[in-house]
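In this text, residue positions in the sequence shown follow the working numbering: the first is 492, and each later residue adds one.
From the three backbone atoms N, C-alpha and C, an ideal C-beta is built for every residue, glycine too.
Structure first, commentary second.
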Amino acid sequence: MQVIITENKIAASKKAFSLLQQDIAQGATVLGLATGSTPVGLYDEICASELDCSALTAVNLDEYVGIAPTNPQSYHHFMHQHLFSKKPFKQSFIPDGTNRNADEVIAEYNQVLADHPIDTQILGIGQNGHIGFNEPGTPFDSQTHKVQLTASTIAANARFFASPAEVPSEAYTMGIGSIMQAKHIILMAFGEQKAAAIAATVDGEVTPAVPASVLQTHPNATIIIDRPAASQLR
Ligand code: PGA
């Protein structure tokens with residue numbers, strides 16, 4: 492894995508955007524996209540640029556279970572607000588959080604991934620090392636599945652909701668195996684609160700206890716972090 496340390500989040504987002512542009516220039520048409528605060532700067536760069544996204548397909552990592560696309564906290568809404576409303580894509584896919592039939596959602600999404608193999612995958616990372624909603628302990632070969640969110644993830648996401656009780660307790664997520672299929676993976680992390688997870692990801696043992704550590708085994712993974720997030724690296 493290649494680790495790039497930048498002065499700040501803006502420089503990191505610009506770097507991620509330039510790598511993404513390079514991938515697209517070399518033929519990438521399917522982008523795996525993430526929600527959360529981390530990729531917002533990258534999406535701002537895309538929106539402010541001349542990049543034409545009308546031939547691109549977006550496949551998102553995850554969605555809460557039991558939340559409608561119109562709910563402002565849904566990841567459908569997030570993607571529309573931060574990217575798709577300003578830069579129309581050819582098509583975009585996000586797991587259907589309104590369908591509580593998990594078997595159906597999983598089969599559908601695995602088919603989406605089979606039909607649209609991801610060229611470049613954008614990732615954030617949780618303080619516990621999760622990628623997507625793949626919490627510690629998730630098998631490295633997992634495909635799309637339904638997860639029970641951990642207390643720490645619910646607490647971290649509570650800032651977006653009126654109270655922790657309103658944070659959904661389940662989500663559909665692409666699996667670690669699905670993520671690892673991407674040809675190029677760009678993981679970004681900012682701030683001291685991510686430093687321990689980044690150190691474990693980059694310098695630690697490859698273990699399901701730290702889901703992002705699997706990226707050490709990916710042939711083309713780029714980690715872009717600011718100085719505080721890099722502060723515990725060896
Ligand atoms: P964040 O979340 O970008 O809001 O920090 C990342 C994640 O939990 O994967």
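Reference residue i; option with closest CA among the options
i	options	result
Ile616	Val705, Asp606, Ala549	Val705
Gly518	Ile495, Thr497, Val494, Cys544	Cys544
Ala687	Leu724, Phe575, Val550	Leu724
Thr611	His636, Phe508, Gly666, Ser528	Phe508
Thr589	Gly682, Tyr555, His607, Thr526	Tyr555
Gly523	Ala516, Ile585, Gln493, Glu541	Ile585
Thr635	Pro530, Pro659, Tyr663, Gly620	Tyr663
Whole-angstrom distance between residue j and residue i, CA atom to CA atom
i	j	result
Ile676	Pro560	27 Å
Pro627	Lys577	35 Å
Ser744	Ile558	The structure shown has nothing for residue 744, since the chain only spans 492 to 725.
Ile714	Cys538	22 Å
Thr644	Gln602	28 Å
Gln572	Phe651	15 Å
Ile597	Val697	27 Å
Asp632	Pro702	11 Å
Thr692	Pro719	15 Å
Lys637	Gly623	12 Å
Leu533	Ile501	8 Å
Ala546	Ser660	35 Å
Proximity test, residue i beta-carbon vs the ligand PGA heavy atom, cut-off 6 Å
i	result
Ser633	no
Thr529	yes
Gly615	yes
Residue interval of the alpha helix (DSSP H) (run including residue i)
i	result
Lys581	Lys581 -> no alpha helix (DSSP H), and no H or E assigned at all.
First and last residue of the uninterrupted beta strand (DSSP E) at residue i
i	result
Gly523	521 to 524
Val603	That residue, Val603, is in no beta strand (DSSP E); its alpha helix (DSSP H) goes 593 to 606.
Gln639	636 to 639
Length at least 3, wholly inside the region 642 to 712: the beta strand (DSSP E) runs in chain order: Entirely contained in the region 642 to 712, the beta strand (DSSP E) runs reaching 3 residues are, in chain order, 661 to 664, 675 to 680.
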